[in-house]
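**Student:** Below you will find the structure I want to go over with you.
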Amino acid sequence: MFATIRSRLILIAVLVVASVYFLFPRKVTIREPGPNGVMHDVEMTRVPLKRGLDLQGGMHLALELDQSKQVSADPKKDLDLALTVLRKRIDEFGVEEPVVQKVGDDRIVVELAGITDPARAKAIVQRSAFLEFKITDKIGSLEKALPAMDRTLRNLGIKGEPEPTKPSAVQQLLGGDSIRPGAKDSTPVGGKKPARAGTKDSARAPAPDTAATADTTPVAGGVLGGLVQPAGAGGVPGEYLVPEPAYARVDSLLSIPAVARQLPRGIVLRWSSAPSSVGVQPVRFLYALDDKSIVTGSNLVDAQAQLDPLTNGPIVTFELDRAGGRKFGEETGKHVGDYMAILLDGKVQGRPPVIQSRIGRNGQITLGGKTLQEAQDLALTLKAGALPIPLKIVEERQVGASLGSDSIHKGITAGLVGTALVVLIMIGYYRLSGLLAVAALGIYLLFTLGALSMIGATLTLPGLAGIVLSIGLTVDNNVLIFERMREELIHGKTVRLAVDEGFRHAMNAIVDSNVCMVLTALFLFQFGTGPVKGFAVTLILGIVASMITSIFVTRTFYMIWLQRRPAMSTLSI
Amino acid sequence: MLRLFSNAKYDFIGVRTYAYGVTALILIPGLLFLLLKGLNYSIEFTGGTLLQIQSKKTVDVAHLREGLDREGIHGAEIQNFGAENEYVIRARVAKPGSDANDTQATANAVGHALDNVLGAGNYVVARTEAVGPKVGGELRQKAFLAIFLSFFAVLAYLAYRFEWRFGLAAIVATAHDILATIAFVGVLRLEMSLTVVAAVLSMVGYSLNDTIIIFDRVRENLHKHKHESFEQILNRSVNETLPRSILTHGTTLATLLALAIFGGEVIRPFALVMFFGVFVGTFSSIYIASPVLMAIEKRWPGPAARGHLASKKSTPPPPTGRKPQPVVR
Chain V
1 MFATIRSRLI LIAVLVVASV YFLFPRKVTI REPGPNGVMH DVEMTRVPLK
51 RGLDLQGGMH LALELDQSKQ VSADPKKDLD LALTVLRKRI DEFGVEEPVV
101 QKVGDDRIVV ELAGITDPAR AKAIVQRSAF LEFKITDKIG SLEKALPAMD
151 RTLRNLGIKG EPEPTKPSAV QQLLGGDSIR PGAKDSTPVG GKKPARAGTK
201 DSARAPAPDT AATADTTPVA GGVLGGLVQP AGAGGVPGEY LVPEPAYARV
251 DSLLSIPAVA RQLPRGIVLR WSSAPSSVGV QPVRFLYALD DKSIVTGSNL
301 VDAQAQLDPL TNGPIVTFEL DRAGGRKFGE ETGKHVGDYM AILLDGKVQG
351 RPPVIQSRIG RNGQITLGGK TLQEAQDLAL TLKAGALPIP LKIVEERQVG
401 ASLGSDSIHK GITAGLVGTA LVVLIMIGYY RLSGLLAVAA LGIYLLFTLG
451 ALSMIGATLT LPGLAGIVLS IGLTVDNNVL IFERMREELI HGKTVRLAVD
501 EGFRHAMNAI VDSNVCMVLT ALFLFQFGTG PVKGFAVTLI LGIVASMITS
551 IFVTRTFYMI WLQRRPAMST LSI
Chain E
1001 MLRLFSNAKY DFIGVRTYAY GVTALILIPG LLFLLLKGLN YSIEFTGGTL
1051 LQIQSKKTVD VAHLREGLDR EGIHGAEIQN FGAENEYVIR ARVAKPGSDA
1101 NDTQATANAV GHALDNVLGA GNYVVARTEA VGPKVGGELR QKAFLAIFLS
1151 FFAVLAYLAY RFEWRFGLAA IVATAHDILA TIAFVGVLRL EMSLTVVAAV
1201 LSMVGYSLND TIIIFDRVRE NLHKHKHESF EQILNRSVNE TLPRSILTHG
1251 TTLATLLALA IFGGEVIRPF ALVMFFGVFV GTFSSIYIAS PVLMAIEKRW
1301 PGPAARGHLA SKKSTPPPPT GRKPQPVVR
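Structure representation (structure tokens):
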């Protein structure tokens, strides 16, 4: 079929043009965060060959459902749901060509190239973002239940240990200190940081503080009665104050099943998301809420981060869908004058506002002490929807951008030096034939890179190693052919015959050895992960390109050469 | 025409006993070492947390270790990596009390320790890896599976293209290469990472490549030189492919050397392991694959009893004494 030089040249030209086409720099649109943190599209021109995370810097996360707190009824469905939610979130997050895919049955892999703030990315990926609106309890259910709870605790043998309800001066200092970084912290760990600061404080608290206990036992020495104080007349109904240092202890006591059972049906207890201070004392608000949510985040259609014109603090405004809006309107209409708690992932955000009139589809969430970026991240996750079950990170790889570009430079240097050595050896040993082989090597590189770009493969550091290795194999193929030709020449064959025989006999060895190499590479591809896979892909493509160049392209070069010099009696080999 | 080793007539197969000796000398101590000290698996396989940091100033490694101990991360490995102020910290144990498969707690604890010792903002994290033990176990399993399955695939292919005898000999030689290379990794205390596994596997491909090229010549010579004994044919084939071997291995070693010197810390283990693998692969193609093929051929003679008819006439039969078995298995 490709007997004539003409048809061969046409095929080579087609392959070369195709490779160049796939490598030709083109315009791509990238979403990038601008100076003010708002996403916008940027157009730039570049070679469409993707660089892997290890070359351009970025982050690779493997996530699984975290069923330690919440057991999934249908893990498969939940994972699929989590996948779509993560896709939406990551799309909004604004990285170039993000990867969000399911791997196996129980894992999601997220790859974000070129990100500069890994902590923020992790927070966005892991946040459940489950939004609820609940009416606060008006009839003091918790207050009434407290004595019963304390009796239960006493029966269980848990006594009112000396608890520091009034923290000492040192503790106040410490407490105050650890709240502030949580509230003002510019490293956006989302809502996690204040929570952590809180637990740390309370972990410190149980140190016996004998002075404080005397005045805190109005309810017959009850533990909870001493620690949980109703907010009083000026406060929100259903609001209780717990000294911040006792937060973790009270939380664990309240979650004892026998204790929780004392609470009337239809009432749930929820904590506020961050500690606040009343006077000098850091406190944590505890809310008794109606079990039923008015609406949840699943009714949300839009969320935007804004600065509140009054307080200049960040707020998130949201819009509900039609059905949600109707329900919201009805319920708030019924509850005018009541207070409504806004819960995110089970924590009350800010202090519940009073419902002044029927609310329609639009509302806002006030975020105390958070940055605008955190508000934006919250809006983003709310809009993308809630995760059915929290996710945990089981594998994380992150490469800084400078290390990535360093790797590229080193890889290129190594590649250039290696190639130069190969070129020197080939031309030095095989002369003109060696030059042909080097030309074929250039075409091989073009084919390999073109093919990589065509299938949209990513070029990683091991991938570069795969290319270097397949350069060696290309050279090997040519060496096999040339050595064969030399043998034929030594046996006294004419140049033309020697060239033909050389190619014919070398063919078997080339095919067999290359096929075996591809076979092993295929298994690497199937069972390898990340970096190994990249290596396998470039190796497979490289071997195919190398076979095409050494069997077909080099052969065509020889045909042209022999046609130009039909009477050639010695071959420069 | 510049030719190296043309018309070489070395008796490669004749000295096979010495070759076996050399193999035993390399493999036995290497494997003993492996048995005693084991492999230095990277956190990709064991699970754990790795942080590569660039500090603004050089710090005492002991300081860093103290800070980690305070966070409950004991027995972390800390080493200089490349430049003076660059460190790699590997913590294989999870922070006590946290779910080991949830990598966050440990990573956060390491970050905390660094903040305490170096001061937040005084260092840059160049690379992080955090792998849960579950993922690590899976990776290890997959790596072994890849090697095993590729063995069978190659055996099947060679059985189809040549005969099963050739395939078996090639596999024996390859198994030898893998053992030798892993021993090399163990003795040098290189880290057994995914990159090194990739190097071992491409070394396997390379060594197979080499063996197949010699076997291809054997197949051809079996048809061409019907009057020669199998041993002569093997010797002839190895000698005829010698110039190719020298040149190819020369260029490959040159590129690998370039990778090892200029490729940077990340790629260096790959290049080193491949470099060693190319040596071992070449050695095994000549001194293991061919003699093993002969041994198999003697034990289970091929259909045409290749060369054996002739061998009775022209050459004395090979010595019948106890043949040293190849150490690999």
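Protein chains in written order, with my numbering: chain V, 1 to 573; chain E, 1001 to 1329. Glycine included, C-beta positions come from ideal geometry on N, C-alpha and C.
Select from the stretch 1161-1193 of chain E all residues with a C-beta closer than 7 Å to any C-beta belonging to chain V, and list them in chain order.
**Tutor:** Here the close residues are R1161.
**Student:** Going by C-alpha distance, which of V532/V, A148/V and G350/V is nearest S277/V?
**Tutor:** With distances taken between Cα atoms, S277/V lies closest to G350/V.
**Student:** Could one say the Cβ of L1201/E lies closer than 8 Å to chain V's Cβ atoms, at least one of them?
**Tutor:** Cβ-Cβ to chain V under 8 Å: yes for L1201/E.
**Student:** With DSSP as the reference, label D291/V as helix, strand or coil.
**Tutor:** Coil at D291/V, not helix or strand.
**Student:** Return the residues of the stretch 1116-1139 of chain E that lie within a Cβ-Cβ distance of less than 8 Å from chain V, sorted by chain order.
**Tutor:** Per Cβ criterion, the list reads V1124, V1125, A1126, R1127, T1128, E1129, A1130, V1131, G1132, K1134, V1135 and L1139.
**Student:** Kindly identify the DSSP beta-bridge partner or partners of Q1104/E.
**Tutor:** Answer is none; Q1104/E lacks a bridge partner.
**Student:** Note the first and the last residue of the continuous beta strand (DSSP E) segment covering K1226/E.
**Tutor:** Here K1226/E belongs to no beta strand (DSSP E), and DSSP marks it neither H nor E.
**Student:** Quick check: the stretch 546-558 of chain V against the stretch 456-474 of chain V, are there 3 or more CB pairs under 8 Å?
**Tutor:** They touch, by the three-pair rule.
**Student:** Look at V1088/E and Q1052/E and say whether their C-beta atoms are less than 8 Å apart.
**Tutor:** Taking 8 Å as the Cβ cut-off, V1088/E and Q1052/E qualify as a contacting pair.
**Student:** Would the stretch 1118-1131 of chain E and the stretch 397-412 of chain V be scored as touching if the rule is three or more Cβ pairs under 8 Å?
**Tutor:** Flag = yes, the stretch 1118-1131 of chain E and the stretch 397-412 of chain V touch.
**Student:** Using the Cα positions of G1264/E and A1183/E, report the straight-line distance between them to the nearest angstrom.
**Tutor:** Their Cα atoms are separated by approximately 24 Å.
**Student:** I believe Y287/V touches L269/V by the beta-carbon criterion, under 8 Å. Please report the beta-carbon distance rounded to the nearest angstrom.
**Tutor:** Yes, they are in contact, since the Cβ atoms of Y287/V and L269/V sit about 7 Å apart, within 8 Å.
**Student:** Decide yes or no for the touch test of the stretch 127-136 of chain V against the stretch 340-348 of chain V: beta carbon pairs closer than 8 Å, at least 3 of them.
**Tutor:** With a cut-off of 8 Å, the stretch 340-348 of chain V and the stretch 127-136 of chain V count as touching, because enough Cβ pairs lie within range.
**Student:** What would DSSP say about N1007/E, mapped onto helix, strand or coil?
**Tutor:** N1007/E falls in the coil class under three-state DSSP.
**Student:** When the Cβ atoms of the stretch 63-82 of chain V are set against those of the stretch 11-27 of chain V, are three or more pairs found closer than 8 Å?
**Tutor:** With the cut-off at 8 Å, the stretch 63-82 of chain V and the stretch 11-27 of chain V do not touch.
**Student:** Along chain E, in chain order, which residues have C-beta atoms closer than 7 Å to that of Q101/V?
**Tutor:** The contacting residues do not exist; Q101/V stays about 16 Å from chain E at best.
**Student:** Going by DSSP in three states, N312/V sits in which element: helix, strand or coil?
**Tutor:** Of the three classes helix, strand and coil, the one that applies to N312/V here is coil, per DSSP.
**Student:** What residues in its chain sit with their C-beta under 7 Å from that of V553/V, if we drop five residues either side in the sequence?
**Tutor:** Excluding positions up to five away in sequence, the list reads I12, A440 and I443.
**Student:** Looking at P1291/E: is its Cβ nearer than 8 Å to the Cβ of I1013/E?
**Tutor:** Against a cut-off of 8 Å, the Cβ pair of I1013/E and P1291/E comes out as a contact.
**Student:** Give the DSSP-derived three-state secondary structure of V1125/E in the structure shown.
**Tutor:** It is a strand residue.
**Student:** Would L541/V pass as a contact of A451/V if the rule is Cβ separation under 8 Å?
**Tutor:** The answer is yes: Cβ separation under 8 Å.
**Student:** Does the distance from the C-beta atom of L461/V to that of A1254/E stay below 8 Å?
**Tutor:** Taking 8 Å as the Cβ cut-off, L461/V and A1254/E do not qualify as a contacting pair.
**Student:** Just mark V228/V as buried or exposed, buried being the case when its beta carbon has 16 or more other beta carbons within 10 Å.
**Tutor:** Buried, by the Cβ-count rule.
**Student:** Apart from the five residues just before and just after F557/V, which ones in its own chain have a Cβ nearer than 6 Å to its Cβ?
**Tutor:** Contacts found: L436.
**Student:** Give the C-beta separation of T413/V and F1262/E to the nearest angstrom, bearing in mind that I take them to be a contact with Cβ-Cβ under 8 Å.
**Tutor:** Correct: roughly 4 Å between the Cβ atoms.
**Student:** Could you spell out the range, first to last residue, of the alpha helix (DSSP H) harbouring N1085/E?
**Tutor:** First-last for N1085/E: A1083 to A1091, but that is the beta strand (DSSP E), not the alpha helix (DSSP H).
**Student:** Against chain V, which members of the stretch 1036-1050 of chain E pass a CB distance test of less than 8 Å?
**Tutor:** So the list is empty, because no residue satisfies the distance condition.
**Student:** For K184/V, count neighbouring Cβ atoms within 10 angstroms of its own Cβ and tell me buried if that reaches 16, exposed if not.
**Tutor:** For K184/V, the predicted structure reports a pLDDT of 36, less than 50, and the residue's modelled location is therefore unreliable. The matter cannot be settled from this model.
**Student:** Can you look up K27/V in the DSSP assignment and give me helix, strand or coil?
**Tutor:** Of the three classes helix, strand and coil, the one that applies to K27/V here is strand, per DSSP.
**Student:** Can you give me the C-alpha to C-alpha distance between E1066/E and A1130/E, rounded to a whole angstrom?
**Tutor:** For E1066/E and A1130/E, the distance between alpha carbons rounds to 21 Å.
**Student:** Have a look at R496/V and V100/V and give me their C-alpha separation to the nearest angstrom.
**Tutor:** One C-alpha to the other measures close to 56 Å.
**Student:** Report yes if the C-beta distance between A258/V and L156/V is below 8 Å; otherwise report no.
**Tutor:** Yes; because the gap between Cβ atoms is below 8 Å, this pair is in contact.
**Student:** Would A1076/E and A1091/E be called neighbours here (beta carbons separated by less than 8 Å)?
**Tutor:** In this structure, A1091/E lies closer than 8 Å to A1076/E by Cβ.
**Student:** Going by C-alpha to C-alpha distance, which of V1059/E, V1093/E and K1142/E sits closest to E1086/E?
**Tutor:** Of the listed residues, the one whose Cα sits closest to E1086/E is V1059/E.
**Student:** Check the Cβ-Cβ distances between S1150/E and every residue of chain V, and say whether any is below 8 Å.
**Tutor:** For S1150/E, the answer is yes, since a Cβ of chain V falls inside 8 Å of its Cβ.
**Student:** Mind reading off the beta-carbon distance from G1277/E to Y1206/E? Whole number of angstroms is fine, and I expect it under 8 Å.
**Tutor:** Yes, G1277/E and Y1206/E are in contact; Cβ-Cβ is about 7 Å, under 8 Å.
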